[in-house]
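Residue numbers (our numbering), protein chains in the order written: chain A, 1187 to 1420; chain B, 1405 to 1876.
Report on one structure; see the data block that follows.
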Amino acid sequence: MREQKNIILFGDGSFGKQLYKQLVYAAYNIKAVSTKDGAAQFELGDDIYIHKINIKKNDDILSLGIDPEKDLLYCAMQKTANNLFLVLTLKTLFADAKIISISNSFESTRKLEYAGTDSVIDLYEATSRRVVNILTKPAVRRALDEIVYKQNNLKMAEIEIPKESFLDGVFINNIDFKSFGVILIAIIDIELGHELIFTDHRMNNKLDAGDVLVVVAKIDALKKFKDTIATTKK
Amino acid sequence: MITVILFSVTILVIDVKDHIPAWLDDIDLYFVTTVFVIEYFLRMWIYSDIHKIIIEEYEESQFFDKKVSSFRLIAKIFKNKWGYISSLSAIIDLIAIIPSYRGLRVLRVLILFRAFKMLRYTKSLTGFLYVLKNKKFELMTLVALSAFFIFIAGIMLYVFEGNNKNPNIHNLFDTFYWALITMSTVGYGDIAPVTPEGKIVTILIIIMGIGLISFVTSIIVSSFNERLEVLREDRVIQEIGKKNSITVLCGYGLLGRLVAQGLQKESVEFVVIDKDEELATLAYNQGYHAICTDATNGQVFQDLGIENRISHVLCLTSDDVQNTFIAVNIKSLNKNVHVTARCSDEEIAQKMKFAHVDQVIMPEEVAGMMGAVYAGEPVAFKVLLSIIEEKEKTQIDEITVIGNSFLDGKTIGAVNFDKFRLILLGVFKNGSADTLGEFIFNPQDDFVINAGDNLVCIGYVSAVANLKRRMQ
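Encoded structure:
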């Protein structure tokens, strides 16, 4: 559904390193950027070039050649102050850019959202849920590991219904998702706005071109389903 | 026991002036005394293990080919038990039994020793005695100083007013008595100075007295403050001692606080340990069981019941090395305790795994993976975040199939999860929390569910609760 985007990762320390590792694993085109002062180590291996900039200088940031239409910007600096400053700078220079930040507390999340971050990943919030699940919901923890945290066969994905697809104009209850090997979790029905609707509500929405389906499936089944949606016309 | 003691003391006090019914007196004489005697002998019995002495004596006699000497054996046992008999608490226990001899009126005063017995059962009272014991040197110095002032002031007043100038002073003892009463600021007024010199001595001794009393108060208060943490720890251990299974959360930083909230929400019994007094106090003030101590020390875990009570330990300090240290400490005490440790460094994570840490959690890795999901699919990321952070009504949960419930033996198709407003993600076949089998994703309609299977579902909290209720 989406065009392949480039990623510009502003990072340092373990935040940047881990994010780079996961993004590379997911095979994205990444440009790694770090600060010139080198306060926190950001080593990604000898063969990976890291752009060193001064985040206080607009020229340095502009020299990266950011295209807000095509590039996703990740702010993963260890210090919240640096992250915050970076978000403000990026939003000033590229108002339409999509920015994702990593935060380490509820307080930082609030500030980063105020500064204009489109999405904030609170690393302690997610980790704490994972720790609690280890104790109280081991099966949930394992299932999430399979779907999200382990790089394996299962995947949660979103699919935009293309025009003229066989799903265009069809009611949800009339489609046997199971036969495709996928589980439909949620949809965005653009007729009703951009709100996320979980399918456990059992609302029999009519699907249209442009609606987004969020599904969990095995990678093969997912690929097949995407192909079917794109190629099978109504 | 406290009730029995209070009952007994009340009876004996009432009996001093008023007549009490004979049956009540009998209860006091036979029942209470029997309880105290049994308690005395039980305490003596469990004080030390005499089996060892008997076996040693027997083996020795076998070795030397001679008969076991009963006298020698009894003497050895008595010597062994003498440690208990001669202890202060045992002496109090013994004296507390004596008032049962009603014939000896004078022994009635010993009823107070029954009240002393309460010290055994109330930790706060023993705590006060500990405070006095800990500050023994300071308090003894003050007593010596007070005695010195009383001695000097007494002699001075005797010199100034002892020669018939003050009709209330007959001897040196009177002036010492006056000095003590004045210095303690009690001031009965039965003896008062009459000469200007005597009045000057009085002024000086009153000032000294106020100073000494303030000093004593500050010593006791500061000592109590020092002991407050220990008393709190004792109370936590006492309360935790009533639970069957507890989780220990080491480190009350940002992550520790969020995990504590999650555990409380899921009704998990847990205790927080942090060596930082401020953080331990914060946890305590937020209503959690909290102990301020170093989790790398084994004693606190032994006190909390590492052998049979602690099921999980979460090492969540911000220091990887510290977390490793705590994890090794736990595993060396009991390798069956499930340990989860936080780590930011991959090399240290490997060492943790080598030390048999059951789960190593890397917050940066978790955030990195979520970041990777976002890069591809922002809407899927939103769904994921909503599910993981449990901020919406729709959540992910697990349901363990109970034997003979309506789910046991049914096929997925027959159950029809749609009817329950649930999305079935998959099933873990018949396994315990630690030994979950393979995750069977999106099972087909003919898949049979059996008791012990764990179903992972997405749905409203109430929908999950409804299915669980139906199973029962």
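Beta carbons: idealized from backbone N, C-alpha and C, even for Gly.
**Asked** Any heavy atom of the ligand PLP closer than 7 Å to the Cβ of LEU1492(B)?
**Response** Within the structure as shown, the ligand PLP is missing, as the structure has no ligands at all.
**Message:** Please classify GLN1876(B) as buried or exposed, where buried requires at least 16 other C-beta atoms within 10 Å of its C-beta.
**Reply:** By the beta-carbon neighbour count (other beta carbons within 10 angstroms, threshold 16), GLN1876(B) is exposed.
**Asked** Comparing the C-beta of MET1756(B) with each C-beta of chain A, is any distance below 8 Å?
**Response** no
**Buried/exposed call for GLN1190(A), threshold 16 Cβ in 10 Å** = Because the pLDDT at GLN1190(A) is just 49, under 50, the model does not fix this residue reliably, and the point stays unresolved.
**Asked** If you count every other CB in all the chains shown that lies within 10 Å of the CB of ILE1677(B), and 16 or more means buried, which is it?
**Response** buried
**Asked** Going by Cα to Cα distance, which pick from ILE1478(B), TRP1486(B) and ILE1554(B) is closest to ILE1458(B)?
**Response** ILE1478(B)
**Message:** Going residue by residue through the region 1564-1617 of chain B, where are the continuous alpha helix (DSSP H) segments of at least 4 residues, counting only ones entirely within it?
**Reply:** Correct list: 1576-1587.
**Item:** CB contact below 8 Å: ASP1801(B) versus chain A
**Value:** yes
**Amino acids of chain A, ordered along the chain, whose beta-carbon sits closer than 8 Å to that of HIS1760(B)** = By Cβ distance, chain A contributes nothing, its closest Cβ being about 16 Å from HIS1760(B), past 8 Å.
**Request:** Out of TYR1235(A), LYS1238(A), ASN1359(A) and VAL1306(A), state which residue places its alpha-carbon closest to the alpha-carbon of LEU1270(A).
**Result:** VAL1306(A)
**Message:** Taking 8 Å as the threshold (beta carbon to beta carbon), is GLY1655(B) in contact with chain A?
**Reply:** no
**Request:** Out of GLY1655(B), ILE1610(B), THR1651(B) and ASP1422(B), point me to the one whose CA is closest to ASN1712(B)'s CA.
**Result:** The candidate whose alpha carbon is nearest that of ASN1712(B) is THR1651(B).
**Prompt:** DSSP three-state call for ALA1694(B): helix, strand or coil?
**Reply:** strand
**Asked** Taking the alpha-carbon positions, what's the THR1881(B) to ILE1607(B) distance?
**Response** The displayed coordinates of chain B run from 1405 to 1876. Any statement about residue 1881(B) would go beyond what the structure contains.
**Prompt:** Going along chain A, which residues have a C-beta under 8 Å from MET1774(B)?
**Reply:** ILE1307, ALA1312 and VAL1334, listed in chain order.
**Asked** Any idea if PRO1425(B) is buried or exposed, counting beta-carbon neighbours within 10 angstroms, 16 or more meaning buried?
**Response** exposed
**Asked** What distance in whole Å lies between the Cβ atoms of PHE1824(B) and ASN1854(B), which are believed to be in contact at a cut-off of 8 Å?
**Response** Actually they are not in contact, since the Cβ atoms of ASN1854(B) and PHE1824(B) sit about 18 Å apart, beyond 8 Å.
**Item:** Alpha carbon of LEU1340(A) to alpha carbon of LYS1207(A), nearest angstrom
**Value:** 19 Å
**Asked** Less than 8 Å separating the beta-carbons of ILE1816(B) and PHE1851(B)?
**Response** yes
**Sufficient close CB pairs (3 or more, under 8 Å) joining the region 1685-1695 of chain B to the region 1614-1628 of chain B** = no
**Request:** Determine which residues of the region 1857-1869 of chain B have a Cβ less than 9 Å from any Cβ of chain A, and write them out in chain order.
**Result:** When C-beta distances to chain A are compared with 9 Å, the residues of the region 1857-1869 of chain B below that value are ASN1858, LEU1859, VAL1860, CYS1861, ILE1862, GLY1863, TYR1864 and ALA1867, in chain order.
**Request:** Could you list which residues in chain B have their beta carbon closer than 7 Å to that of LYS1207(A), in chain order?
**Result:** GLY1772
**Item:** Contact set between the region 1315-1327 of chain A and chain B, restricted to residues whose Cβ is under 7 Å from the partner
**Value:** ARG1315, ARG1316, VAL1317, VAL1318, ILE1320, LEU1321, THR1322, LYS1323, PRO1324, ALA1325 and VAL1326
**Contact set between GLY1807(B) and chain A, taken where Cβ atoms lie within less than 8 Å** = Result: empty, since nearest Cβ-Cβ is about 17 Å, beyond 8 Å.
**Asked** Checking contacts by CB at 8 Å: is TYR1300(A) closer than that to chain B?
**Response** no
**Message:** Excluding the 5 residues flanking ILE1369(A) on each side, which residues of the same chain have their C-beta closer than 8 Å to its C-beta?
**Reply:** Around ILE1369(A): PHE1363, VAL1401, VAL1402 and ALA1403.
**Asked** Is the region 1739-1758 of chain B close to the region 1292-1299 of chain A, with three or more CB pairs under 8 Å?
**Response** Contact fails: fewer than three Cβ-Cβ distances are below 8 Å.
**Prompt:** Looking at VAL1672(B) and THR1385(A), is the spacing between their C-beta atoms short of 8 Å?
**Reply:** no
**Prompt:** Hey, is GLU1189(A)'s beta-carbon within less than 8 Å of any beta-carbon in chain B?
**Reply:** In this prediction, GLU1189(A) has a pLDDT of 47, which is less than 50 and means its spatial position is unreliable; what the coordinates show is noted afterwards. Not closer than 8 Å to any Cβ of chain B, the Cβ of GLU1189(A) fails to qualify, so no.
**Prompt:** Which partner residues does GLN1763(B) have in the DSSP bridge list?
**Reply:** The bridge partners DSSP lists for GLN1763(B) are THR1744(B).
**Asked** Is there contact here, the region 1551-1559 of chain B with the region 1658-1665 of chain B, by at least three beta-carbon pairs under 8 Å?
**Response** no
**Alpha carbon of ASN1215(A) to alpha carbon of LYS1284(A), nearest angstrom** = 16 Å
**Asked** Going along chain B in order, which residues have a C-beta closer than 7 Å to the C-beta of ALA1267(A)?
**Response** Within 7 Å Cβ-Cβ: nothing; ALA1267(A) doesn't reach chain B, min ~16 Å.
**From GLN1706(B), VAL1634(B) and LYS1646(B), residue whose alpha carbon lies closest to that of THR1685(B)** = VAL1634(B)
**Prompt:** Which bits of chain B does VAL1398(A) rub up against, with CB to CB less than 8 Å?
**Reply:** VAL1783
**Item:** Outcome for GLY1251(A) when other beta-carbon atoms lying within 10 angstroms are tallied against a minimum of 16
**Value:** exposed
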